[in-house]
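Worksheet for the structure shown next.
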Amino acid sequence: MKKYALLMVGVSSVFCVEAATLTGELEFVKRPSFVGVVYAKGGVGPQKAELDQSNKVFDKKAVVIGPKGDITFKNSDEFQHNIFANDPNSGVKFDVGLMSQGQTTKVSADWSENTLTRIGCKIHPKMRSYIANVNSDAYQVLSFSKKQKVYPIKLDVGSHTEFVLQIPKYDAVELKLSKGQDTSVDVMYKGKKRATLKLALN
Amino acid sequence: MDCKKLIIAALPLLFCTQIQAKDMPMFGNLATPDVDDIEYIDEEEPSEREVKLGKMLFFDNRLSKHQNQSCATCHNPELGFSDGVAKGIGSGGDILGRNAPHLYNLAWSGIFFWDGRAGSLQEQALGPLVSDVEMQMTPKDVLQRLEKVPFYKKEFKALYGDMTFENVGKAIAAFEMTIVSDDSAFDKYLAGQKEAMSMSAVRGLQLFVGKARCVKCHDGANFTDDSFHNIGIQSGDEGRYTIDKNKELKGAFKTPGLRNIIMSAPYMHDGSLASLEEVVEHYDNGAINVKNVSPLIVPLNLNPQEKADLIAFMAALTDPVVIERPILPN
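So the protein sequences, as listed, match chains A and B.
Heads up, the first sequence is in the numbering used here, so the first residue is 79 and it goes up one at a time.
Heads up, the second sequence is in the numbering used here, so the first residue is 2 and it goes up one at a time.
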């Protein structure tokens, strides 16, 4: 029993030494985009995720999945939907076919990791969501709204020191931070500054 | 005032509130369009200068082969941004395949043309220019014509750095995005002016979201789900299916928005229904035994008063957009 207790103390002190929190904010210059994902590089990523549809919208602006993980698509809507991806930016193409109310279907994220793929509905073209395929266990989905310019970021990142911000169509931001360090970078879209990302690792 | 008097004074107020709540229809997603919901090209609102350039191009006949047509020929602001005929006529006199749809509130749309073959307003704006039967130009023809006009040369250079066919579409789309109708009697009613709509229109709204099932497709702030449905108009045109070979989409066409709809007769993708009365009649009948018709289309059993109420409601979606025609540069 003593041995176990000692082992526990050892493990928790390693944790205390290594555990770090990434904090900061993303501030848009003008109108915010649709969604963003900030994550720490490293880990396996979630192996299961679910995305539902009702009232002609997806229930999440983005789902996060690890490489080869399974995404379950549900249709809780009274209308039929047909989820598809044909995203030249991430090279992902699939079509799950027509789904009636109550139906579910699974798609394996067997495409390149660290990608953000747009998905939509063939029947309702205004519906959109994104699949973030990342090998990360520390991530935060930032759901943007047109009326809010500043978005707080807070992530328990363990011992990770490399971080990525992905926003559809924007240049991805990748940076490395040491514990105690902070930084501020411009977030660019087609050569124009669209936001400022401030991060600190403590 | 003692307690009893207070209760007596509050009773009518309470009664009124209950009546209002009971009578208040469920509007679903119907709303006044919000500019914050517009997805701009390159996520940036067009500048006034870009809109002005686009407006000139929109009205410029030099963009058609025989210099006899502009975008405004088929999308005439005085005819509800449509042309008043069942099927338009091209620059060379050809009868076109489909009815010219109106252009109201396309800034909020994500897919364009009756069959949805364009994914942006910019792409849509260029389609008719290079169509064999519509304006019959090539991208090269368009640029050659515009380069001869010093004003256009100057504006394209200042706005985009270069005059390209793509930028012509960008400018026209910038203007089209300003064709916004958002202050109809219905919008005033939503904002709390209950007298803005007649009793008939209010009943029509209740039918629209209820018994008449219109909102199943004509949903959202612009009364369209931006989706495709086969509503039982038998024209032999396969619509969306020509773009997407999904059998559910055979004969399906994009749901048109209904703002200012009273101004853009005739109706349907083939312009086969001359009036809103005919449209309501069509839906009331339910397109029974029509091949590939959407399961959303069923007989409605509306009585004459209900049909009139629905039309009164559609009339309450009217807020004309007045466009002053520009003086074109030489």
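All C-beta atoms, glycine included, are put in the ideal place defined by N, C-alpha and C.
In this text the structure is predicted, and so the values were computed from the model without any measurement.
Practice item. Give, in chain order, every residue of the segment 238 to 268 of chain A whose Cβ lies closer than 7 Å to some Cβ of chain B. Key: Y267 and K268
Review point. For A:T261, which residues of its own chain have a beta-carbon under 7 Å away from its beta-carbon, when the five flanking residues on both sides are left out?
Key: L253, L255 and L277
Point to revise | Spatial neighbours of B:K23 in its chain, beta-carbon cut-off 6 Å, leaving aside the 5 residues before and after | key: Low local confidence applies: a pLDDT of 40 at B:K23 is under 50, so the model's placement there is unreliable, and no value is given.
Exercise for review: Kindly give me the distance between the Cβ atoms of A:T183 and A:F151, rounded to whole angstroms, as I take these residues to be in contact under 8 Å.
Suggested key: Their Cβ separation, rounded to whole angstroms, is 5 Å, which keeps A:T183 and A:F151 in contact under 8 Å.
Practice item. Pull up the DSSP beta-bridge partners for A:S186, would you. Key: A:D148
Review point. Considering B:V210, what are the terminal residues of the alpha helix (DSSP H) in which it resides?
Key: M200 to V210
Exercise for review: Just the chain A side, please: which residues come within less than 9 Å of B:G193 by C-beta, in chain order?
Suggested key: The premise fails here: B:G193 is roughly 21 Å from chain A at the closest Cβ pair, so nothing lies under 9 Å.
Check your understanding: Quick one: what's got a C-beta closer than 8 Å to B:F28's C-beta in the same chain, skipping five residues either side?
Key -> L191, L206 and V210
Point to revise | Per-residue DSSP class, three states only, for A:C199 | key: strand
Review point. Taking 8 Å as the CB-CB limit, is B:S228 close to chain A?
Key: Chain A contact via Cβ: present.
Point to revise | A:I231, DSSP secondary structure in three states | key: Of the three classes helix, strand and coil, the one that applies to A:I231 here is strand, per DSSP.
Point to revise | Enclosing alpha helix (DSSP H) for B:G170 [first to last residue] | key: F166 to E177 is the extent of the alpha helix (DSSP H) around B:G170.
Check your understanding: Under 9 Å Cβ-Cβ, which residues of chain A neighbour B:G117?
Key -> P203
Point to revise | Per-residue burial, A:V228 [other beta carbons within 10 Å of its own, 16 or more giving buried] | key: exposed
Exercise for review: Kindly indicate the opening and closing residues of the alpha helix (DSSP H) around B:T74.
Suggested key: Counting along the chain, the alpha helix (DSSP H) containing B:T74 begins and ends at C72 to C75.
Review point. With 8 Å set as the bound, which would you pick, yes or no: does the beta-carbon of A:N167 sit closer than that to a beta-carbon of chain B?
Key: no
Review point. Given that B:G111 touches chain A, what residues does it touch there, using C-beta distances under 8 Å?
Key: P203 and K204
Check your understanding: So the beta strand (DSSP E) A:E103 belongs to, where does it begin and stop?
Key -> Where A:E103 is concerned, the enclosing beta strand (DSSP E) starts and stops at T99 to F106.
Review point. Does the pairing of the segment 164 to 171 of chain B with the segment 97 to 108 of chain B give three or more beta-carbon distances under 8 Å?
Key: no
Exercise for review: Note down, one range per segment and in chain order, each alpha helix (DSSP H) of at least 4 residues found wholly within the segment 272 to 303 of chain B.
Suggested key: 277 to 286
Review point. Per DSSP, which one or two residues make a beta bridge with A:F136?
Key: According to DSSP, which records beta bridges pairwise, A:F136 is partnered with A:Q131.
Practice item. Identify the continuous alpha helix (DSSP H) that holds B:E156 and give its terminal residues. Key: P151 to Y161
**Study point:** Proximal residues of chain A, C-beta to C-beta of B:D37 below 8 Å
**Key:** R109, K224 and K225
Review point. Quick one: is B:N302 buried, meaning 16 or more other Cβ sit within 10 Å of its Cβ, or exposed?
Key: exposed
**Study point:** Endpoints, the beta strand (DSSP E) within which A:M266 is located
**Key:** Where A:M266 is concerned, the enclosing beta strand (DSSP E) starts and stops at D260 to Y267.
Check your understanding: What is the rounded straight-line gap between the Cα of A:A135 and the Cα of A:Q181?
Key -> The sequence shown places Val at residue 135 of chain A, rather than the Ala named in the question. CA-to-CA, the gap between A:V135 and A:Q181 works out to about 16 Å.
Check your understanding: So, does the CB of A:N160 fall closer than 8 Å to a CB anywhere in chain B?
Key -> At least one chain B Cβ lies under 8 Å of A:N160.
Exercise for review: Report back the beta-carbon spacing between A:P110 and A:K224 to the nearest angstrom; my notes put them in contact at under 8 Å.
Suggested key: Contact between A:P110 and A:K224 holds: CB atoms are separated by about 6 Å, below the 8 Å threshold.
Point to revise | Euclidean distance between Cα positions of B:S199 and B:N261 | key: Rounded to the nearest angstrom, the two C-alpha atoms are 17 Å apart.
Point to revise | Neighbour list for A:L176 in chain B, Cβ cutoff strictly below 8 Å | key: N247 and E249
Point to revise | Rounded separation between A:M86 and A:G236 - CA only | key: Note that A:M86 has pLDDT 45, beneath the 50 cutoff, so the model's placement of it is unreliable and the number below is only indicative. The alpha-carbon atoms of A:M86 and A:G236 are separated by roughly 18 Å.
Practice item. Buried or exposed for A:S221, please, with buried defined as at least 16 other CB atoms from any protein chain shown within 10 angstroms of its CB. Key: Of the residues assessed, A:S221 falls on the exposed side of the cut-off, its CB having fewer than 16 other CB atoms within 10 angstroms.
Check your understanding: Which first and last residues belong to the alpha helix (DSSP H) in which B:G55 is found?
Key -> E49 to F59
Check your understanding: Any Cβ of chain B within less than 8 Å of the Cβ of A:L275?
Key -> no
Point to revise | Local conformation of A:E240 per DSSP, three classes | key: strand
Review point. Closest Cβ-Cβ distance between B:E44 and chain A: below 8 Å?
Key: yes
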